[in-house]
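Its first residue numbered 0, the sequence shown is counted upward by one per residue in numbering that gives the first Met the number 0.
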Amino acid sequence: MDNFTLKNGNLIATRKLGFFESLIVEAIKTEEEAPQEAREDIRKGVVYLFDRLESEKGGTTYKLAQ
0 MDNFTLKNGN LIATRKLGFF ESLIVEAIKT EEEAPQEARE DIRKGVVYLF
50 DRLESEKGGT TYKLAQ
């Protein structure tokens, strides 16, 4: 994805992000259980977050996302 790059192990935006984009990127970066490929590829990271959210239906994270 052209809007992001991996630099020194960190996911970096190549343009100014919107509010929700920033939240998603921060969630991916801080998710301790996320596999490395989810941290390196924003598309895989978003898929990982949605899968995680789906598995936590009824939990606090799910309620916040709603």
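Using N, Cα and C, we set each Cβ at its ideal position, and we do this for glycine too.
- prompt: Is it right to say G17 is buried, meaning 16 or more other beta carbons lie within 10 angstroms of its own, or is it exposed?
  reply: By the neighbour-count rule (16 or more Cβ atoms within 10 Å), G17 is not buried but exposed.
query: What does A12 pair with, by DSSP beta-bridge criteria?
result: According to DSSP, which records beta bridges pairwise, A12 is partnered with F3.
query: Would you call F3 buried or exposed, if buried means 16 or more other Cβ atoms sit within 10 Å of its Cβ?
result: With 16 or more other Cβ atoms within 10 Å, it is buried.
query: Are E36 and K43 close, meaning C-beta to C-beta below 8 angstroms?
result: Cβ atoms of E36 and K43: closer than 8 angstroms.
message: Taking the straight line between their C-alpha atoms, what separation do you get for V45 and I27?
response: Their Cα atoms are separated by approximately 7 angstroms.
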